[in-house]
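Each residue of the sequence shown is one higher than the one before, counting from 805 in my numbering.
Contents: one structure, followed by commentary.
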Amino acid sequence: MFKTHNNRPCSICRVIRRSVLIVSVPVLLLLLVSKFNDPLAWYILNAVTLENATIATLLAVFIVLIIKAIRERKANKTKKLANDA
Numbered sequence: 805m806f807k808t809h810n811n812r813p814c815s816i817c818r819v820i821r822r823s824v825l826i827v828s829v830p831v832l833l834l835l836l837v838s839k840f841n842d843p844l845a846w847y848i849l850n851a852v853t854l855e856n857a858t859i860a861t862l863l864a865v866f867i868v869l870i871i872k873a874i875r876e877r878k879a880n881k882t883k884k885l886a887n888d889a
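And the structure:
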């Protein structure tokens with residue numbers, strides 16, 4: 805992943821990493837529970853396919869990136885106004 809000057813992952817990489825964890829960890833837990841023949845887990849697993857999880861991950865990444873861009877834009881405007889004053 806891309807690193808910044810202080811050897812930490814950039815904000816976009818952190819967003820992608822977090823969103824993948826948010827989607828994949830519950831699915832893995834459901835797979836573990838399904839080993840015990842829980843009918844509710846089987847029902848949820850059949851509803852959450854890999855394709856749906858991928859789409860959810862991509863949507864989460866894009867939404868968070870858009871929110872970050874809006875926040876940065878507002879912060880830049882505020883800095884510019886402070887410098888102009």
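Beta carbons are placed, not taken as given, at the ideal position from N, Cα and C, and that holds for glycine.
Spatially closest choice to residue i from the options, by CA coordinates
i, options, result
"S823", "A860, K883, L835 and L849", "A860"
"I826", "W846, D888 and T858", "T858"
"S828", "N880, N856, N887 and K881", "N856"
Residue i to residue j span [Cα, whole Å]
i, j, result
"L832", "K884", "46 Å"
"T853", "R875", "33 Å"
"R877", "A886", "14 Å"
"L844", "K881", "50 Å"
Residue j beta carbon less than 7 Å from that of residue i
i, j, result
"L836", "L849", "no"
Report task. Specify whether the stretch 838-848 and the stretch 867-874 touch according to this definition: at least 3 beta carbon pairs, one from each stretch, less than 8 Å apart. Result -> no
Report task. Tell me, please, whether the stretch 856-868 touches the stretch 816-833 by the rule of three or more beta-carbon pairs shorter than 8 Å. Result -> Three or more pairs of CB atoms, one per stretch, sit closer than 8 Å, so the stretch 856-868 contacts the stretch 816-833.
Query raised in the report: Which ranges does the alpha helix (DSSP H) cover as unbroken runs of at least 4 residues, wholly within the stretch 825-871, from first to last along the chain?
Result: 843-851
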